[in-house]
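Counting from 5, one number per residue, gives the positions in the sequence shown under my numbering. No residue lacks a Cβ here, since even glycine has one placed at the ideal position from N, Cα and C.
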Amino acid sequence: AHRAHPSSMESRRLSSYGRRFGPSIPVYRVLPASPPGRLQVPRSTQLSPRMGPRLGSGKMDFSLAAALNSEFRETRTNEKVEMMELNDRFASYIEKVRLLEQQNKVLVVELNQARDQEPSRAADIYQEELRDLRRRVEQLATAKARLEMERDNLAEDLGSLQQKLQDEVTLRLEAESNLAAYRQDVDNAALARLDLERRVGTLQDEIAFLRKVHEEVTPLWGWGVHVEVDASKPDLTAALRDIRSQYEAMAASNVQETEEWYKSKFADLTDAAARHAEALRVAKQEANEYRRQLQALTCDLEALRGSNESLERQLRELEDRYALETAGYQDTVVRLEEDIRSLKEEMAQHLQDYQDLLNVKLALDIEIATYRKLLEGEESRITIPVQSFSNLQIRETSLDTKSVSEAHVKRSIVVKTVETRDGEVLKESKQEHKEV
């Protein structure tokens, strides 16, 4: 009893082969279980009665055998040509698979380089620039603190100089007030001198008048009436002389005292004026010096303010440029991540194409193995000697299950599919293909 006839399975296999590689090739099958010389020919290549008389009583016409043999050779030649074409196509598929494998390796290397080098290099550049900017910011902060300290010191010096200037101005005003008082004293002394001079003149006029009176009275002394009395005669000359000597002594004493007081007062005022003039001159020089120092410090302060503003402007520019460069680096990182993601997708697509090509290759291997078995069967049939065709019969029946199982060798192919991402195994599957 026969199982499911293998001709349907062979037809499906050959039809799939035809869909991949073109129209089907006529195949001749040998029944090893049949007696020697029995041959099965497909319906497309069966011999019609016109080709020659059927064999009768187990004998065969040698002309028919020669024609059949030539037809077999022609068929064999066509099969070789088509097999060469199939081999060429298979070689092109293998070459394409190798090319895809090389591209896959190149993409893997590029992906690893992009994953290992580019982000790290961008991160190194970013960190180096960040460190440089931080160092410059620290330097600017230090310079700013130093300038602020110098500004505070200059402000303190300016305050002390202004205080000293105020003190000197106060001293100058005090010296001017003292000088005005001394001038008032000089004026008073001058008035007192004039008064004393006027009094001296008055006394001198009085002395001159008394002297004139004395001179006029002296001649009258001889004209007097001689009255003899007991009283003593008054001595007017001595009295006048005493009065005159007293007034002269008083006048000389007053003049001397006045001159001495005036001289001492004038010397004191002169010394005080000279002293205050020297102090005023020194104060003016110090005020001028302080004014020059104040102007120099003001210029330095303005220069430091300008430098501070320039440094602050440079700091703002550096911060803006740092923000722009940071945004550029972030855009670069995002673009690199997009490139890595696209490379991963492209790599996954190449892996999928490679898997499809591998499946096609396995199917081709199965088809070629099947075809090779069929060819081996044909070669074993062609190598039969011509004398063995004495019992050759042309049959239109199909192969039975037993002959097919005896003519082919069973072989199984295991396909292992491993899906990885970033070096980690995500999915692993096995598929077994059995060939009879």
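Less than 7 Å between the C-beta atoms of R187 and A287, yes or no?
No, the Cβ-Cβ distance between R187 and A287 is not below 7 Å.
Quick check on this structure: which residue in A118, A185, A145, R317 has the alpha carbon closest to the alpha carbon of R339?
Looking at the Cα atoms, A118 is the closest of the given residues.
Select from R197, L273, A291, Q289 the residue whose C-alpha is nearest the C-alpha of T262.
Cα-wise, what sits closest to T262 is R197.
How should E432 be labelled, buried or exposed, when 16 other C-beta atoms within 10 angstroms of its C-beta is the threshold for buried?
By the neighbour-count rule (16 or more Cβ atoms within 10 Å), E432 is not buried but exposed.
Would you tell me roughly how many angstroms separate the C-alpha atoms of A277 and V259, rounded to the nearest one?
Their backbone Cα atoms lie some 26 Å apart in a straight line.
Taking Cβ positions, are Y326 and L137 nearer each other than 7 Å?
It is a contact, given that the beta carbons lie within the stated cut-off.
Look at the Cβ atom of A255, then the Cβ atom of V204, and state whether they are nearer than 7 Å.
Going by C-beta atoms, A255 is nearer than 7 Å to V204.
If you measure between the beta carbons of L305 and L158, is that distance less than 7 Å?
In this structure, L158 lies closer than 7 Å to L305 by Cβ.
Let me make sure I understand the geometry here. Which of A291, L315, S74 has the alpha-carbon closest to that of E142?
When only C-alpha atoms are compared, the closest one is L315.
Going by beta-carbon coordinates alone, are H280 and L183 separated by less than 7 Å?
Their beta carbons are under 7 Å apart, which means H280 touches L183 by this criterion.
Assuming R140 contacts L322 (C-beta within less than 8 Å), just tell me the rounded distance between them.
Their Cβ separation, rounded to whole angstroms, is 6 Å, which keeps R140 and L322 in contact under 8 Å.
Give me the Cα-Cα distance between E210 and E172, rounded to the nearest whole angstrom.
Those two C-alpha atoms are separated by around 56 Å.
Note down the Cα distance separating N363 from D92, rounded to an integer number of angstroms.
Each residue's Cα considered, the two are about 19 Å apart.
Hey, would you say A283 sits closer than 7 Å to A185, going by beta carbons?
Result no, Cβ atoms of A283 and A185 do not sit closer than 7 Å.
Roughly how many whole angstroms lie between the Cα atoms of Y294 and C303?
Roughly 14 Å between the two C-alpha positions.
Flag this pair as yes or no: are the beta carbons of L301 and L169 separated by less than 7 Å?
Going by C-beta atoms, L301 is not nearer than 7 Å to L169.
Taking just the CA atoms, how far does D369 sit from L328?
Looking at the two C-alpha atoms, the distance is approximately 59 Å.
Pick out whichever of M87, R215, R80 has its Cα sitting closest to the Cα of E252.
Of the candidates M87, R215, R80, the one whose C-alpha sits nearest the C-alpha of E252 is R215.
Rounded to a whole number of angstroms, what is the C-alpha to C-alpha distance between N108 and E342?
For N108 and E342, the distance between alpha carbons rounds to 19 Å.
How many Å lie between L430 and L111 at the Cα?
So the alpha carbons of these two residues sit roughly 19 Å apart.
Distance, Cα to Cα, D199 vs T174?
Cα to Cα, D199 sits roughly 37 Å from T174.
Considering Cα atoms alone, identify which of I129, R80, Q208, F76 is closest to Q334.
The candidate whose alpha carbon is nearest that of Q334 is I129.
In chain order, what residues of the same chain lie with their CB nearer than 6 Å to the CB of A193, ignoring the 5 residues before and after it?
Excluding positions up to five away in sequence, the list reads Y266, K269.
Verify whether the separation of the beta carbon atoms of L319 and L144 is less than 7 Å.
Result yes, Cβ atoms of L319 and L144 sit closer than 7 Å.
Using C-beta distances below 6 Å, list every residue in its chain close to L244, excluding the 5 sequence neighbours before and after it, in chain order.
Closer than 6 Å at the Cβ level, and outside the excluded window around L244, lie H218.
Can you tell me whether E428 is buried or exposed, with buried defined as 16 or more other CB within 10 angstroms of its CB?
When all chains shown are included, E428 counts as exposed.
Quick one: Cα of T146 to Cα of A307, how far?
So the two alpha carbons sit approximately 18 Å from each other.
By the 10 Å Cβ neighbour count, where 16 or more other Cβ atoms means buried, how is E371 classified, buried or exposed?
When all chains shown are included, E371 counts as buried.
Since I believe L273 is in contact with D189 (beta carbons under 8 Å), could you give me their beta-carbon distance rounded to a whole number of angstroms?
About 7 Å; that satisfies the 8 Å criterion.
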